[in-house]
Amino acid sequence: MKLRKGFLTAEAQRSQRKAIFFFIAGRGRQRKNNSPPRKQLRDRPAVQLLFNPAAAAGGFAWIVVSRSRQKTCSLCVLCASAVRNKVAMFKTVWDLLRLTFKDWWYDDSFRLASSVAFYTIFSLAPILTISVGLAGLVFSEEHAREQIVLQIETLSGPQGASAVRQVLKGAADIGGNPLAIAGAVLAIVVGSTAVFASLQSALNDIWDVKAAPRRSMWKGLIRDRMRSFGIVLTVGFLLIVSMVVSALLTGAQELMSQRIEGIGWVWRLLESTISFGIVSLLFAAIYKYLPDVQISWGDVSVGALITAALFTMGKYLIGLYLGQVAIGSTYGAAGSFVVLLIWVYYSVLISFLGAEFTQVYARRYGSRIRPQPHAVRIGKKSLGLECGQTWENRERGTRGMHTKVIHENGEKTHVLVFDTGEEVMGNLRAFAKREGLRSGRFTAIGAFQRAVLGYFEVEKKTFRKIPIDEQVEVLSLVGDVALKGDEPEIHAHVVVGKADGSAHGGHILEAYVRPTLEVVLVESPEYLCRRVDEETGLALIRL
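Here the sequence shown is numbered in our numbering, starting from 19 and rising by one per residue.
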């Protein structure tokens, strides 16, 4: 018998779900503690798979190969690959769920949901008025009101529908008083956007970003309100789509039922599928455009589908609860609004759970979440999510820069630890861009295996390169982070010492670490801008 070791692995992070099976021919590498000795393997039957699930989870499996034919048993390969795929899949799903519920709890989603639900009740009349007005362009306003009440009744029951019917009736009875009309228009514009402004603030907290201090408060306020109003218009547009599709399905059902009997379930299935798609589009629009983040449609679509599924399943549970508990009789005349408030509160909680899933998925397996140019990252989730994978990789022996937030009161402080072979300036620039840093200062200590320093020649407005092609100690390294246009720029000076005691200093143009470099970076409370100075050609700080 001849032994080959099968090595099971997965592509780093993005392709973690696709397990790839590699065969390493020969005598194999160093045997793991939980793998059987070779002598025991030789004494066993020729075609036998010695597979340890615990070892498979760590990436190793043992395969016995016939010495005579020099072939690997196909059944062994399939079994090992299937088990490894299932282990990787369950681990990925478990990590996603664990981090999602953990963040959902620690972000105080219940308090955030109560705030959004409060604003929703007071914004309900303006939002419904706009939705009915848009739908009235295609259908009659009376038909639009009935469709809205019907949709609410399927979600929250007859008591919630009764509250919505009262709101719609009050909104329709404004009258011809000019002051009443002007007040109603102002209430519609301001009130309809209040709930989405509150939702935006909550999603920013979940997404770990916040709006940066603006020089023009009114400009930022108007932009946020216009974005919220765009979401309101999206709700009205989706209502029109829902009504058109419902009318088409009703007509098709009446036409086909005359020719074919017993196909009512087909139309119910189509209606449920289309309703699910519309809800998914609504959540996708909210997650994509409402928070102050840049996130890909691929990540948003996954989160929107999960949220829509939770919302669809949960509406039956909340309907069952509201049907069994006599809330209306307990609160009397206000019972309808209490029922509606409970339903809104539950719906917001579900949307926040979906938002947590979206941000966890995007940070660990997707395209990451980046702040908008007018926003900055808070940093409370940097270690737990973005850097959590890096720390896990370090425990497994994988090289890579490791970061951690060690101070968040006042000036937030980051610690960055570089490993052998990593380039300093490029990684610092990438970190500043990923974290949305606008200004900061840093110091470092460690050693370089080689570096290229620069001396700025004022007359030529260029750097004269000073190559250092030997191991040197970092005696002093200071620098700052500032904006050059919309991108963070790294400016650093260093003094390095050689083995003979001599020292060299200058700008860091390029530097490679060995064995380590420890950087302490402190964010500044006010961001600094750089501009290109015509006299020197340098990007200098503009105060």
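For every residue, glycine included, the Cβ atom is placed at its ideal position computed from N, Cα and C. Being a predicted model, the structure only gives us computed values, none of them experimental.
Item, Value
"Min CB distance Gly439 to chain B below 8 angstroms", "Among the protein chains of the structure shown there is no chain B, as only one such chain exists."
"Ser127 in three-state terms, based on DSSP", "helix"
"Alpha-carbon spacing of Ile508 relative to Arg447, whole angstroms", "6 angstroms"
"Proximity of Thr325 and Phe294 at Cβ, strictly below 8 angstroms", "no"
"C-beta contact flag for Leu535 and Phe460 at 8 angstroms", "no"
"Pairwise C-alpha distance: Val362 and Val499", "44 angstroms"
"Thr408 versus Val537 - alpha carbon distance", "For Thr408, the predicted model reports a pLDDT of 39, less than 50, meaning its position is unreliable; a value from the coordinates is still stated below. Using only the alpha carbons, I get a separation of about 17 angstroms."
"Three CB pairs or more closer than 8 angstroms across the stretch 433-441 and the stretch 487-498", "no"
"Three-state secondary structure assigned by DSSP to Tyr383", "coil"
"Collapsed DSSP secondary structure at Thr438 in the structure displayed", "coil"
"Beta bridge counterpart(s) of Lys228 as assigned by DSSP", "Val394"
"Best match in Ile166, Glu505 and Arg163 for proximity to Leu455 [C-alpha to C-alpha]", "Glu505"
"Cα-Cα separation, Gly472 to Tyr307", "43 angstroms"
"Where the beta strand (DSSP E) containing Gln467 begins and where it ends", "Gly458 to Glu475"
"Under 8 angstroms between C-beta atoms of Ser130 and Asp226", "Here residue 130 is Leu; the residue named in the question, Ser, does not match the sequence. Against a cut-off of 8 angstroms, the Cβ pair of Asp226 and Leu130 comes out as no contact."
"C-alpha distance - Val513 paired with Ser385, whole-angstrom precision", "37 angstroms"
"Closest residue to Leu217 among Arg382, Phe449, Pro485 and Ser369 (Cα-Cα distance)", "Ser369"
"Pro389 burial status per 10 Å Cβ neighbour count (16 or more: buried)", "buried"
"Cβ-heavy atom distance, Ile139 to the ligand MN, below 7 angstroms", "The model on display carries no ligand, and the ligand MN is accordingly not part of it."
"Rounded separation between Thr147 and Gly444 - CA only", "53 angstroms"
"Cβ-Cβ distance between Leu371 and Leu328 below 8 angstroms", "yes"
"Ile317 vs Ala380 beta-carbon contact at 8 angstroms", "Checking the sequence shown, residue 317 turns out to be Asp, not Ile. Against a cut-off of 8 angstroms, the Cβ pair of Ala380 and Asp317 comes out as a contact."
"Candidates His525, Leu493, Ala510 and Leu501, of which the one nearest Gly519 by Cα", "Leu493"
"Leu455 (DSSP reduced to helix, strand or coil)", "coil"
"Under the three-state DSSP convention, the category Leu308 falls into", "coil"
"Ala220 burial status per 10 Å Cβ neighbour count (16 or more: buried)", "buried"
"Three-state class that DSSP yields for Ser293 in the structure shown", "helix"
"Own chain partners of Ala529 with C-beta closer than 6 angstroms, once the 5 adjacent residues on each side are dropped", "Val442, Phe466 and Ala469"
"Inter-residue spacing [alpha-carbon to alpha-carbon] between Glu404 and Asp437", "The predicted position of Glu404 is uncertain, since its pLDDT is 39 and thus under 50; no value can be drawn from it."
"Beta-carbon proximity check, Ala393 vs Ala215, cutoff 8 angstroms", "no"
"Helix, strand or coil at Lys516 according to DSSP, with G and I counted as helix", "coil"
"CB-CB length for Glu374 against Asp121, believed under 8 angstroms", "5 angstroms"
"Residue from Ile463, Asp487, Lys478 and Ala302 whose Cα sits closest to the Cα of Lys516", "Asp487"
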